[in-house]
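Residue numbers (my numbering), protein chains in the order written: chain A, 623 to 838; chain B, 623 to 838; chain C, 48 to 377; chain D, 48 to 377. Yeah, the Cβ is synthetic: ideal placement off N, Cα and C, and Gly gets one too.
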Amino acid sequence: MDASTFRAWIVEAAQLVIDNADHLTHLDAAIGDADHGINLRRGFQAAVTMLAETDPATPAAVLATVGRALISKTGGASGPLYGTGFRQAGKTLGEDADVSAVQLGAALRAALDGIRQLGAANEGDKTMVDALGPAVRAYQAVVDAGGDLADATRAAADAAARGLQETIGMQAHKGRASYLGARTIGHEDPGAASTVLILRALASATAGLPTEGRAP
Amino acid sequence: MDASTFRAWIVEAAQLVIDNADHLTHLDAAIGDADHGINLRRGFQAAVTMLAETDPATPAAVLATVGRALISKTGGASGPLYGTGFRQAGKTLGEDADVSAVQLGAALRAALDGIRQLGAANEGDKTMVDALGPAVRAYQAVVDAGGDLADATRAAADAAARGLQETIGMQAHKGRASYLGARTIGHEDPGAASTVLILRALASATAGLPTEGRAP
Amino acid sequence: MKKLINAPDDVLVDALAGVAAAHPSLSVNIEDRYIVRAGGPTAGKVALVSGGGSGHEPLHGGYVGYGMLDAACPGEVFTSPVPDQILAATKAVDGGAGVLHVVKNYTGDVLNFQMAAELATDDGVRVEAVLVDDDVAVENSTWTAGRRGTGATVFVEKIVGAATERGADLASAVALAREVNDRSRSFGIALTPCTVPANGKPGFELGEDEIELGVGIHGEPGRARGKLVPAKELAGIALDAIHADAPLSGDVLVMVNGLGGTPLIELYVLFAAVADWLSGHGVRIARSLVGNYITSLEMAGASITVCRLTPQLAELWDAPVETPALRWGR
Amino acid sequence: MKKLINAPDDVLVDALAGVAAAHPSLSVNIEDRYIVRAGGPTAGKVALVSGGGSGHEPLHGGYVGYGMLDAACPGEVFTSPVPDQILAATKAVDGGAGVLHVVKNYTGDVLNFQMAAELATDDGVRVEAVLVDDDVAVENSTWTAGRRGTGATVFVEKIVGAATERGADLASAVALAREVNDRSRSFGIALTPCTVPANGKPGFELGEDEIELGVGIHGEPGRARGKLVPAKELAGIALDAIHADAPLSGDVLVMVNGLGGTPLIELYVLFAAVADWLSGHGVRIARSLVGNYITSLEMAGASITVCRLTPQLAELWDAPVETPALRWGR
Ligand SMILES: Nc1ncnc2c1ncn2[C@@H]1O[C@H](COP(=O)(O)OP(=O)(O)O)[C@@H](O)[C@H]1O
Ligand SMILES: Nc1ncnc2c1ncn2[C@@H]1O[C@H](COP(=O)(O)OP(=O)(O)O)[C@@H](O)[C@H]1O
Ligand SMILES: [Mg+2]
Ligand SMILES: [Mg+2]
Ligand SMILES: [Mg+2]
Ligand SMILES: [Mg+2]
Chain A
623 MDASTFRAWI VEAAQLVIDN ADHLTHLDAA IGDADHGINL RRGFQAAVTM LAETDPATPA
683 AVLATVGRAL ISKTGGASGP LYGTGFRQAG KTLGEDADVS AVQLGAALRA ALDGIRQLGA
743 ANEGDKTMVD ALGPAVRAYQ AVVDAGGDLA DATRAAADAA ARGLQETIGM QAHKGRASYL
803 GARTIGHEDP GAASTVLILR ALASATAGLP TEGRAP
Chain B
623 MDASTFRAWI VEAAQLVIDN ADHLTHLDAA IGDADHGINL RRGFQAAVTM LAETDPATPA
683 AVLATVGRAL ISKTGGASGP LYGTGFRQAG KTLGEDADVS AVQLGAALRA ALDGIRQLGA
743 ANEGDKTMVD ALGPAVRAYQ AVVDAGGDLA DATRAAADAA ARGLQETIGM QAHKGRASYL
803 GARTIGHEDP GAASTVLILR ALASATAGLP TEGRAP
Chain C
48 MKKLINAPDD VLVDALAGVA AAHPSLSVNI EDRYIVRAGG PTAGKVALVS GGGSGHEPLH
108 GGYVGYGMLD AACPGEVFTS PVPDQILAAT KAVDGGAGVL HVVKNYTGDV LNFQMAAELA
168 TDDGVRVEAV LVDDDVAVEN STWTAGRRGT GATVFVEKIV GAATERGADL ASAVALAREV
228 NDRSRSFGIA LTPCTVPANG KPGFELGEDE IELGVGIHGE PGRARGKLVP AKELAGIALD
288 AIHADAPLSG DVLVMVNGLG GTPLIELYVL FAAVADWLSG HGVRIARSLV GNYITSLEMA
348 GASITVCRLT PQLAELWDAP VETPALRWGR
Chain D
48 MKKLINAPDD VLVDALAGVA AAHPSLSVNI EDRYIVRAGG PTAGKVALVS GGGSGHEPLH
108 GGYVGYGMLD AACPGEVFTS PVPDQILAAT KAVDGGAGVL HVVKNYTGDV LNFQMAAELA
168 TDDGVRVEAV LVDDDVAVEN STWTAGRRGT GATVFVEKIV GAATERGADL ASAVALAREV
228 NDRSRSFGIA LTPCTVPANG KPGFELGEDE IELGVGIHGE PGRARGKLVP AKELAGIALD
288 AIHADAPLSG DVLVMVNGLG GTPLIELYVL FAAVADWLSG HGVRIARSLV GNYITSLEMA
348 GASITVCRLT PQLAELWDAP VETPALRWGR
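Structure below.
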């Protein structure tokens, strides 16, 4: 997986976020402050712009650029969290021009660890971690079983989607949603939903296929 | 017409104003500030209370008491205007214990003059004067033709009602309604409407009959 | 109707109790319905008394204090005060140098203050009255009750308050009040109606994209209904109307005033548009206010008031003032 | 959505332009999104920097000035500011004695200020942060992100601002800020939702007789939905919750704060109810604020914040302050 594929991932993720921004905001309205879609749209648009301007040469540089852009432009809780995730992932990739399925697994793991360290959320707290955690494990399982990049990223996206479903039954213990206590039960977590979008984009970028969830 | 009949008039007028307060306020909402019914209810309730407390002996004293109460408690434009009307009317009645149809005519005329002097409204300006003016003339015509008190007050009330209808076509030139300019055309004037109620109460008090417009 | 109240008929009395509890600098006579400075009358000073319907807070009670009003007479919501309370307040603050009634030009206010002034004069108090009529939305003709008094009331109370604090006599206080009023113009825009508690229903209805242009401060409809356009255009509509009536130039005092339900962030957006228009017309903002200073209950919307300053007026504007709603210099 | 704006995405920039035009005492960096005192950094003084989402005006920009904040960092409406702007503001006001970040306890604010502090430290600026978390509606447990920061933020900024103006060092400024926060509690009630401009739809829906109890300042629903009851009962609900969490006694500083769409007359009605409750519990109102000080766009409702004063805190509260939204003593 080379730098251009990583860029394709982010461009696709940005498009998915833009197409689903209202939905993400709608989810955030139910248990948060109705801005998650607005925040991420702003952040990913900035990331795409910065990639176009700086045209980073390596996968690591792409992820570092995206992380910086998300931190600088997103705001809210999701900005620093996603931004840190991308930056930590990038740090694991060194100077390599091409990244293997195994390397990407380590990068995704690093993203999860970075987000968990910054946000101190555990799985079950009804956050993006409830989508990203299962995704990282599913990805690793496919790779361990000898599957390829496309299979692994597809498995990660599907596991994230199942994780998102799991958040419906959870009570939020982190972020703004936690203020609503039991009233959060019965709603999807917005950040988990956006994590699904980002991983779907990864799957289609690695498979070179169109992504589900794109606005026609 | 003795003091007790004058008191009966005011008690009846107060009841009519209370029963129709929402309607008067509704009319004021269309071209004013939605408080005419509220103001007059407050004023006439105070008048009835003050009459009960002070129990004035003469017709003149009854009207003076009512005028003071309306001025002290009503507020708005209608308070000073109606209050002045009743006070001026009272001043014409001297110490007499019983008031003739002719005397009442002079009293009503004095009320009209007092209101016109204070408010500087002419007929056609879309105010209470457009109900009271015709009423005073109609009253006088009946008395000149030898009619009795009941006939004259009935004629006054009917003329006031016709005057109220006339206000619908008028553009307001006085009071808050004048701020709305041509937008006032097509609406009854609230003060003209309350004048009709007060004169209806007078008619039924003098005739000793129930008044139309009473809430069941 | 959704309001933080106990009962519609208790709003005024309960609010006065709150004013009394919140502001030790004020003395509130709940029985007679007036608010004066806790210190009592200032001997030898011309006393400034204003009043009108309630629902315009902080006007007028919030402007009682050093450098501004001596007394405020709050009527029921949107209803003129009655002569009795104006008379009581006038006597309570008379310091022997006479009392100036600052009256917003509404028939009800005018008549009630007029009756109170007559009664006070009978009781030997020297009383003068000045009418504030700054609202350009109402043309001042024999076909109307004359212009409404709106935002300029705040300017008159502040500037004349400063002058009387310095010993201006009754005649010059009257002249100064007239000057401030003559130099000031206002225009108001409503995005939503408001509801008088005792009434319980909104004064009018507006569609999602409709606004009322040229509204006053009593929840009444304006001169015309219009479409909701960007703040820049609304500022233009208001300032064009003001400019057409009394051309703006030189240094001005500008107030972008919220009608009660508009968030401050929107008032700043509107102020930016006002500033653009003024600089585009070579007018300099020398002094300004942005916030809720003369309101119409919870109505969403804003009014713009501009006063063409003189060096003397600017200097009096800057003079120390210490009231609940306007305070600087001490 | 009916708002006095030009375009939903321009609200923040347009409002900042308005702040710049309205307040010569402030210097607004629209590019980097921060507001500082026009005078520049005060050498040798600990600088106070706060920030958060916009839509809470006058918080924070309205509190920049002598005796209060040195800088404010406004994020998009209801969205935490980003590290870049916080870093830029921090460097702009550093007077060599260190910078104190006053951070309302929201995950987004905490994380963004934390990242900015790390970057500033890398650049050699001494930075400390204090979290404000006064909202008793959120129980402070490992099962939540901790209490929200609401009304007490105003108290912290005013009191610590006064202390830093007098030369308090960074460590004692931190300690004082924590003391004010520890002694303060808040509770908020919403009568209507509000609409984020970029979103266009209300954050929640409420029936004609419904209210949200225990709301914060971001248009979010509260801890529970309730029925609209008289102001006296609402004051009881809020103060009982505060009292249960941290028993009230002695002298207190009370703020009855409007959330943006509630008229001042209603806030006074509520203040009267608050005063009744407090005197009934032997608590004395030593200082108070009534008005819109920390808002949630156009939301109708109010929050009540109580701080148990010490003589030192009262004295620092009374110290001169000169900001657009809070001013006395000069
Ligand atoms: N401590 C945390 N750890 C991990 N994710 C979190 C944490 N707090 C919040 N989030 C995620 O952030 C999302 C909200 O992001 P966003 O709405 O953009 O920011 P904010 O909550 O500041 O408005 C939540 O749905 C949740 O998934
Ligand atoms: N100058 C005037 N002369 C006579 N009647 C007037 C005048 N101004 C107003 N009115 C009457 O008063 C009525 C309004 O009274 P009200 O609503 O109680 O007071 P306000 O207009 O101060 O709210 C109008 O409908 C009109 O009939
Ligand atoms: Mg959010
Ligand atoms: Mg009226
Ligand atoms: Mg009225
Ligand atoms: Mg947010």
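(1) If contact is defined by three or more beta carbon pairs under 8 angstroms, each pair taking one atom from either stretch, is the region 197-208 of chain C in contact with the region 308-321 of chain C?
(2) Mind checking if B/PRO678 is an interface residue toward chain C, Cβ cutoff 8 angstroms exclusive?
(3) Assuming the contact rule is C-beta atoms closer than 8 angstroms, C/VAL172 and C/LYS138 should be a hit. Round their C-beta distance to whole Å, please.
(4) Here's a check: name, in chain order, each residue in its chain whose Cβ is nearer than 6 angstroms to the Cβ of D/ARG80, leaving out the five neighbours to either side.
(5) Looking at C-alpha atoms only, which residue of B/ASP655, B/THR671, B/ALA783, B/GLU788 is the closest neighbour of B/LYS748?
(6) For D/TRP375, return the contacting residues in chain C, with the cut-off set at a CB-CB distance below 7 angstroms.
(7) Leaving out the 5 sequence neighbours to the left and right, which residues in its chain are closer than 6 angstroms to C/ALA245 when beta-carbon positions are compared?
(8) Closest to C/VAL185 by CA distance: which of C/GLU257, C/CYS241, C/ARG270 is it?
(9) Tell me, please, which residues DSSP counts as bridged to D/ALA237.
(10) Assign D/GLY155 to one of two classes, buried (16 or more other C-beta atoms within 10 Å of its C-beta) or exposed (fewer than that).
(11) In angstroms with no decimal places, state the Cα-to-Cα distance between D/LEU63 and D/LEU73.
(12) Is any non-hydrogen atom of ligand 2 found closer than 7 angstroms to the C-beta of B/ARG805, if you look at the structure I gave you?
(13) Give me the DSSP bridge partner(s) of D/SER101.
(14) Going straight from the alpha carbon of D/THR211 to that of A/GLU745, what length do you get?
(15) Can you tell me whether C/LEU178 is helix, strand or coil according to DSSP?
(16) Could you work out which residues of chain C lie near B/HIS645, taking near to mean beta carbons separated by less than 9 angstroms?
(17) So, is the C-beta of B/ARG709 closer than 8 angstroms to a C-beta in chain C?
(18) Quick check on this structure: which residue in B/ALA699, B/VAL721, B/ASP718, B/ALA729 has the alpha carbon closest to the alpha carbon of B/ARG709?
(19) Can we count C/GLY297 as close to ligand 4, meaning its CB is less than 7 angstroms from some heavy atom?
(20) Short check: CB of A/ILE693 to CB of D/PRO121, under 8 angstroms?
(21) Would DSSP call C/LYS248 helix, strand or coil?
(22) Can you list the residues of chain A that D/SER127 reaches, using a CB-CB cut of under 8 angstroms?
(23) Run the CB neighbour count on A/LYS795, radius 10 Å, all protein chains shown included, and call it buried at 16 or more, exposed below.
(24) Is the beta carbon of D/VAL378 sitting closer than 8 angstroms to the one on D/GLY86?
(25) At a Cβ threshold of 8 angstroms, is B/ASP641 touching chain C?
(26) Starting from C/VAL206, follow its DSSP beta bridges and name the residues at the other end.
(27) Compute the distance between the beta-carbons of B/ASN661 and B/GLY701, then report whether it is under 8 angstroms.
(28) According to the Cβ coordinates, are D/ILE21 and D/SER219 closer than 8 angstroms?
(29) Kindly identify the DSSP beta-bridge partner or partners of C/LEU147.
(30) If you compare alpha carbons, which of D/LEU253, D/THR200, D/VAL337, D/ASP298 is closest to C/PRO105?
(31) Just the Cα atoms here: how many angstroms apart are D/ALA90 and A/VAL670?
(32) Since B/SER694 meets chain C, which of its residues come closer than 8 angstroms, beta carbon to beta carbon?
(33) Does DSSP put D/ARG80 in a helix, a strand or coil?
(34) Does ligand 5 have a heavy atom nearer than 7 angstroms to the CB of C/PHE251?
(35) What are the boundary residues of the alpha helix (DSSP H) that includes D/ALA291?
(36) Can you give me the C-alpha to C-alpha distance between A/ALA723 and A/ALA682, rounded to a whole angstrom?
Taking the geometry as given:
(1) no
(2) Your numbering for residue 678 of chain B matches position 56 in the second sequence. Output row for B/PRO678: interface = no.
(3) For the purposes of this step, residue 172 of chain C is taken as the residue at position 125 of the third sequence. For the purposes of this step, residue 138 of chain C is taken as the residue at position 91 of the third sequence. Correct: roughly 6 angstroms between the Cβ atoms.
(4) Walking along the fourth sequence from the start, residue 80 of chain D turns up at place 33. Contacts found: GLN132.
(5) As a working mapping, residue 748 of chain B is identified with position 126 in the second sequence. Checked all of B/ASP655, B/THR671, B/ALA783, B/GLU788; the closest Cα to B/LYS748 is B/GLU788.
(6) Numbered from its first residue, the fourth sequence carries residue 375 of chain D at position 328. Chain C residues near D/TRP375: ARG374.
(7) Here residue 245 of chain C refers to the residue found at position 198 when the third sequence is read from its first residue. These residues qualify, in order along the chain: PRO55.
(8) Residue 185 of chain C sits at position 138 when you count from the first residue of the third sequence. The shortest C-alpha separation from C/VAL185 is found at C/ARG270.
(9) Here residue 237 of chain D refers to the residue found at position 190 when the fourth sequence is read from its first residue. Partner(s): D/GLU259, D/GLY348.
(10) Indexing the fourth sequence from 1 puts residue 155 of chain D at position 108. Its Cβ being crowded by 16 or more others within 10 Å, D/GLY155 is buried.
(11) Indexing the fourth sequence from 1 puts residue 63 of chain D at position 16. Indexing the fourth sequence from 1 puts residue 73 of chain D at position 26. Between D/LEU63 and D/LEU73, the C-alpha separation is close to 11 angstroms.
(12) The residue you call residue 805 of chain B lines up with position 183 of the second sequence. It does not: the Cβ of B/ARG805 is nowhere closer than 7 angstroms to a heavy atom of ligand 2.
(13) Residue mapping note: residue 101 of chain D aligns to position 54 of the fourth sequence, counting from 1. Per DSSP, D/VAL124.
(14) By one-based count along the fourth sequence, residue 211 of chain D stands at place 164. By one-based count along the first sequence, residue 745 of chain A stands at place 123. Approximately 43 angstroms between the Cα atoms of the pair.
(15) Counting from 1 along the third sequence, the entry for residue 178 of chain C is found at position 131. Of the three classes helix, strand and coil, the one that applies to C/LEU178 here is strand, per DSSP.
(16) Position 23 of the second sequence holds residue 645 of chain B. Those within 9 angstroms of B/HIS645 in chain C number zero; the least Cβ separation is about 12 angstroms.
(17) Stepping through the second sequence from its first residue, residue 709 of chain B is reached at position 87. Cβ-Cβ to chain C under 8 angstroms: no for B/ARG709.
(18) Along the second sequence, read from residue 1 onward, the residue named residue 709 of chain B stands at position 87. When only C-alpha atoms are compared, the closest one is B/ALA729.
(19) As a first step, residue 297 of chain C must be located in the third sequence, where it is residue number 250. It does not: the Cβ of C/GLY297 is nowhere closer than 7 angstroms to a heavy atom of ligand 4.
(20) One-based indexing of the first sequence puts residue 693 of chain A at position 71. One-based indexing of the fourth sequence puts residue 121 of chain D at position 74. No, the Cβ-Cβ distance between A/ILE693 and D/PRO121 is not below 8 angstroms.
(21) As a first step, residue 248 of chain C is located in the third sequence; it is residue number 201 there, counting from the start. Coil.
(22) Counting from one through the fourth sequence, the residue named residue 127 of chain D turns up at place 80. Near D/SER127 (Cβ distances below 8 angstroms), the residues of chain A are GLY697, GLY698, ALA699, GLY701.
(23) The residue labelled residue 795 of chain A in the question sits at position 173 within the first sequence. Sequence inspection shows His at residue 795 of chain A; the Lys mentioned does not correspond to that position. With 16 or more other Cβ atoms within 10 Å, it is buried.
(24) Residue 378 of chain D lies beyond the stretch modelled for chain D, which goes from 48 to 377, so this question has no answer here.
(25) Looking up residue 641 of chain B in the second sequence gives position 19. No, because no Cβ of chain C sits closer than 8 angstroms to the Cβ of B/ASP641.
(26) The residue labelled residue 206 of chain C in the question sits at position 159 within the third sequence. Note that residue 206 of chain C corresponds to Ile in the displayed sequence, not to Val. Answer is none; C/ILE206 lacks a bridge partner.
(27) Translated into the one-based positions of the second sequence, residue 661 of chain B becomes position 39. Translated into the one-based positions of the second sequence, residue 701 of chain B becomes position 79. Contact flag set, yes.
(28) Outside the modelled stretch of chain D, which goes from 48 to 377, sits residue 21 of chain D, for which no answer is possible.
(29) Here residue 147 of chain C corresponds to residue number 100 of the third sequence, with the count starting at 1. Partner(s): C/LEU95, C/GLU175.
(30) The count along the third sequence starts at 1 and reaches residue 105 of chain C at position 58. C/PRO105 has its Cα closest to that of D/VAL337, out of D/LEU253, D/THR200, D/VAL337, D/ASP298.
(31) Your numbering for residue 90 of chain D matches position 43 in the fourth sequence. Your numbering for residue 670 of chain A matches position 48 in the first sequence. The straight-line gap from Cα to Cα measures roughly 41 angstroms.
(32) The residue you call residue 694 of chain B lines up with position 72 of the second sequence. Here the neighbours are VAL129, PRO130, ASP131.
(33) If you number the fourth sequence from 1, residue 80 of chain D lands on position 33. It is coil, neither helix nor strand.
(34) As a position in the third sequence, residue 251 of chain C is number 204, starting the count at 1. No, Cβ of C/PHE251 sits at least 7 angstroms from all heavy atoms of ligand 5.
(35) Looking up residue 291 of chain D in the fourth sequence gives position 244. It spans 278-292 - the alpha helix (DSSP H) in which D/ALA291 sits, taken as one unbroken run.
(36) Within the first sequence, the letter at position 101 stands for residue 723 of chain A. Within the first sequence, the letter at position 60 stands for residue 682 of chain A. Using only the alpha carbons, I get a separation of about 15 angstroms.
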